[in-house]
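The listed protein sequences correspond, in order, to chains A and B. When the letters of the first sequence are read in order and numbered with my numbering, they come out as residues 1 to 192. When the letters of the second sequence are read in order and numbered with my numbering, they come out as residues 1001 to 1473. Shown next, in structure tokens, is the structure this report addresses.
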Amino acid sequence: PPWDNTIEGIIEGFHVVAAGKIGVCVNQIEKRQKAGLCYEDAWNMTSVQLASASEAHCRAIILATYFKETQIRVDSASPALKQVLLQLVDLYVVYWALARLGDLLRFTSISERDVEQLQSWYEDLLNKLRVNAVGLVDGFDIRDEILNSALGAFDGRAYERLMEEAMKSPLNAEPVNKSFHDYLKPLMQGKL
Amino acid sequence: VNGDLQRERDNCTFSVTELTNLIDGDAQKTEERKQREEMVLKEGIHLEPVPAVYLSHKEKYELAVKKSCALFKMIKRLQEEENAGMENYMAVLGGSLGSAILGDGNPITLHYVMFIPTIMGQGTVEQQAYWIGRAFNLNIIGTYAQTELGHGTFIRGLETTATYDPSTKEFVLNSPTLTSYKWWPGGLAHTANYCIVMAQLYTQGKCHGIHPFIVQLRDEESHMPLRGIKVGEIGAKLGMNGTNNGFLGFENVRIPRDHMLMKNSKVLEDGTYVNAPNSKLTYGTMMFVRVMIVNDMCNYIAKAVTIATRYSAIRRQSKMKPDEPEPQIIDFLTQRHKLFIGIASVHAFKLSSEWIWNMYNNVTAELESGDLERLPELHALSCCLKAVSTADAAECVERCRLACGGHGYMLSSNLPLMYGLVTAACTYEGENTVMLLQTARYLVKSWHQARQDSGTLTPTVSYIGRVASGRRM
């Protein structure tokens, strides 16, 4: 079927990829059995492709679920939040389309022009989401004590916190560590 | 607040509070979560006079036990005051709050996440009545031992044996080889005094496969290991060094017959074995845990991407234009490319885990009524979702750490520790590659079913029948 460069089209493409990969695995196993391998050996020889087919299956399910459930979720949201959440879905779907381009090229009729469009679409989304990036992570509402990070605190005082944490190192409890007297000084005086 | 960061907040085009409420479910749930966090954090259990990273391996464990006991004492108070249910344990123990308090692993988690749920899922009513009360009151501390030094995800390969002795109406547990020693269970080394042990059941000279047994490991007073019990700690790990992972070997350890959990399969006093209606029933606990894992991965990705995004708003580096000051690093498209997929992944996995959780409850309800039709589908789905979510989470956390450059390499950024916790999830509760191959078995079976057009495919694989399988075919 012709490639449809929309979110729904990409998700359908991932289903085609998953079905295609499973089909290829089944064929490989049957071909290997015809060549004389027992089922278990044929399975093992095909297992790299089988694991990849499972990942494609799961990716298709996550994309479809994320897209479908977000449509439901944003029903009650304000237009501003709805727009951002839908941009996130688009970003996620287009990101994985670009990440799994080989599979899409192999099993669907996606073209070079479609790919160029996807890449531009993705970069536009990175631009659009820029203004809301901090708001989106603030939305997870993770308290500083739970984040437990000198870099990610709500107030953004990363440098001050990095220094505060550094000062907690037991080595900073004294200006001269005893190893100076035991080792360094004798070394520097040629007495070690 | 840092000026750059404040400006980001001023420019945001939507209500952050509305988004938080949406993520929690609604404003009420946000309020409940905040109250729970406030109540737990104001106890100050998480505070460390000396950061745990500067403690010895032994001191880390001792700190973890101290914190765990303070946490469970608080949970018990919660239970008495507000008659809290299991979900409160999960909320306090699991996810962000639990790992915030206990940083690098908790030696009592398995007591709540595996020991109690397994007894509830596989114990008879009498056995539940006897054990659950003592466990909830923390009169005993349990763990769960399945994986062995020589066998992990392939459960049927486990070597520990439980042989029924009809003359004394007891099971005799043995570890026939070094590779049969239980290896990994959290809390097993020095913390738990009871353990659910998965062992090959032998009765009347026949092996009936893996079954759960409750074994006392240590004396309840002295905490000394009982006779025939060889138990200890497995040593330092990449992460989770507060979890007290242990090894466990048996030498002719005798336990009463009613210490085999017999809700599904039974051994009668004369040694007769009564089979379970469906061997898949024992997957219940494991599937429950896998759904929890997907949820946990959301929490870890959310934390990592929060840290890296805020940092990217305050960090200024490298002039983009000669006559302009150093920009915020979030202005570089490559930095957004590293971070924004992480933000979207949190929402994708959260919605997916809620969806599979609802499916798990529907299927479990069907299980009770004996309808096992969708169990294989749910099992296949929980396997691949666990594999993909943990692999994506490990990749996201590592990408966030790298996005913070050298400061991401500091333990005080919390990103390395988080990576240790997340990457462990790629291995425990079913090693990822094995999980994907288990799902593949179901997909291949579904493909054959579709090709022979024999019966309808279950919803999550119906696309196989619907989709002309691409250009290649």
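Virtual Cβ for every residue (Gly too), placed ideally from N, Cα, C.
Anticipated Cβ contact below 8 Å, residue i with residue j, distance rounded
i: B:Gln-1146; j: B:Ile-1155; result: 7 Å
i: B:Asn-1414; j: A:Leu-162; result: Rounded, the Cβ-Cβ distance is 12 Å, inconsistent with contact.
i: B:Leu-1173; j: B:Phe-1115; result: In fact, because the Cβ distance is near 17 Å, the residues do not count as touching under 8 Å.
i: A:Ala-56; j: A:Val-17; result: 5 Å
i: B:Val-1231; j: B:Leu-1188; result: 7 Å
i: B:Ile-1101; j: B:Val-1050; result: Not a contact, Cβ separation roughly 16 Å.
i: A:Asp-155; j: B:Asn-1011; result: Not confirmed; about 18 Å, so no contact.
i: A:Ile-62; j: B:Ser-1352; result: 5 Å
Test: residue i CB closer than 8 Å to a CB of chain A
i: B:Met-1410; result: yes
i: B:Lys-1303; result: yes
i: B:Ile-1341; result: yes
i: B:Val-1363; result: no
i: B:Cys-1396; result: no
i: B:Phe-1014; result: yes
i: B:Arg-1156; result: no
i: B:Ile-1307; result: yes
i: B:Trp-1184; result: no
i: B:His-959; result: Residue 959 of chain B falls outside the range modelled here, since chain B spans only 1001 to 1473, and no answer is possible.
i: B:Arg-1471; result: With a pLDDT of 45 at B:Arg-1471, under the threshold of 50, the predicted position of this residue should be treated as unreliable, though the coordinate-derived value follows. At least one chain A Cβ lies under 8 Å of B:Arg-1471.
i: B:Val-1050; result: yes
i: B:Asp-1004; result: yes
i: B:Val-1388; result: yes
i: B:Cys-1109; result: The sequence given here has Thr at residue 1109 of chain B, not Cys. No, no contact with chain A.
i: B:Tyr-1054; result: yes
i: B:His-1046; result: yes
Of the residues the options, the one placed nearest residue i, counting alpha carbons only
i: A:Asn-132; options: B:Met-1418, B:Ala-1344, B:Glu-1373 and B:Asn-1358; result: B:Ala-1344
i: B:Leu-1238; options: B:Ala-1070, B:Trp-1355, B:Leu-1375 and B:Ala-1424; result: B:Ala-1424
i: A:Glu-69; options: B:Lys-1350, B:Lys-1182 and B:Lys-1034; result: B:Lys-1350
i: A:Val-24; options: A:Ser-52, A:Asp-41 and A:Pro-2; result: A:Ser-52
i: B:Gly-1103; options: B:Ala-1064, B:Cys-1069 and B:Trp-1131; result: B:Ala-1064
i: B:Asn-1245; options: B:Thr-1191, B:Arg-1290, B:Glu-1220 and B:Met-1198; result: B:Thr-1191
i: B:Leu-1019; options: A:Leu-136, A:Lys-168 and A:Ile-10; result: A:Leu-136
i: A:Val-134; options: B:Val-1346, B:Leu-1078 and B:Ile-1330; result: B:Ile-1330
i: B:Pro-1256; options: B:Glu-1269, B:Asn-1264, B:Asn-1362 and B:Lys-1263; result: B:Glu-1269
i: B:Ile-1214; options: B:Cys-1396, B:Arg-1009, B:Leu-1421 and B:His-1111; result: B:His-1111
i: B:Ile-1293; options: B:Gly-1025, B:Ile-1356, B:Cys-1207 and B:Val-1434; result: B:Ile-1356
i: B:Cys-1384; options: B:Cys-1426, B:Leu-1372, B:Ser-1412 and B:Glu-1398; result: B:Cys-1426
i: A:Ile-22; options: A:Ala-153, A:Cys-58, A:Leu-81 and A:Cys-38; result: A:Cys-58
i: B:Thr-1390; options: B:Glu-1431, B:Thr-1243 and B:Cys-1195; result: B:Glu-1431
i: B:Glu-1341; options: A:Val-74, A:Val-93 and A:Glu-160; result: Per the sequence presented here, residue 1341 of chain B reads as Ile, with Glu not at that position. The residue with the shortest Cα to Cα distance from B:Ile-1341 is A:Val-93.
i: B:Ser-1462; options: B:Cys-1396, B:Gly-1408 and B:Arg-1374; result: B:Arg-1374
Residue i and residue j closer than 8 Å at C-beta
i: B:Cys-1400; j: B:Ala-1302; result: no
i: B:Glu-1159; j: B:Glu-1170; result: no
i: B:His-1211; j: B:Met-1260; result: yes
i: A:Ala-77; j: A:His-15; result: no
i: B:Cys-1404; j: B:Ala-1313; result: no
i: B:Ala-1162; j: B:Tyr-1130; result: no
i: A:Gln-87; j: A:Leu-125; result: yes
i: B:Met-1297; j: B:Gly-1105; result: no
i: A:Asp-90; j: A:Ile-7; result: yes
i: A:Tyr-122; j: A:Tyr-95; result: yes
i: B:Ile-1234; j: B:Trp-1183; result: yes
i: B:Ala-1380; j: B:Tyr-1442; result: yes
i: B:Arg-1310; j: B:Pro-1327; result: no
i: A:Leu-151; j: B:His-1407; result: yes
i: A:Ala-42; j: A:Gln-33; result: yes
i: B:Leu-1378; j: B:Val-1363; result: yes
i: B:Tyr-1054; j: A:Ser-54; result: no
Residues bridged to residue i [DSSP beta-bridge criterion]
i: B:Ala-1199; result: B:His-1211
i: B:Phe-1218; result: Per the sequence presented here, residue 1218 of chain B reads as Arg, with Phe not at that position. B:Arg-1218 is bridged to B:Pro-1225.
i: B:Arg-1316; result: B:Gln-1328
i: B:Gly-1249; result: B:Lys-1230
i: B:Glu-1170; result: B:Asp-1165 and B:Pro-1256
i: B:Gly-1408; result: Its beta-bridge partners do not exist; DSSP assigns none.
CB contact below 8 Å: residue i versus chain B
i: A:Ile-22; result: yes
i: A:Pro-186; result: no
i: A:Ala-42; result: no
i: A:Leu-88; result: yes
i: A:Phe-140; result: yes
i: A:Lys-178; result: no
i: A:Asn-132; result: yes
Chain D contact residues for residue i, given Cβ-Cβ distances below 7 Å
i: B:Ile-1464; result: Absence of chain D from the displayed structure is noted, the protein chains being A and B.
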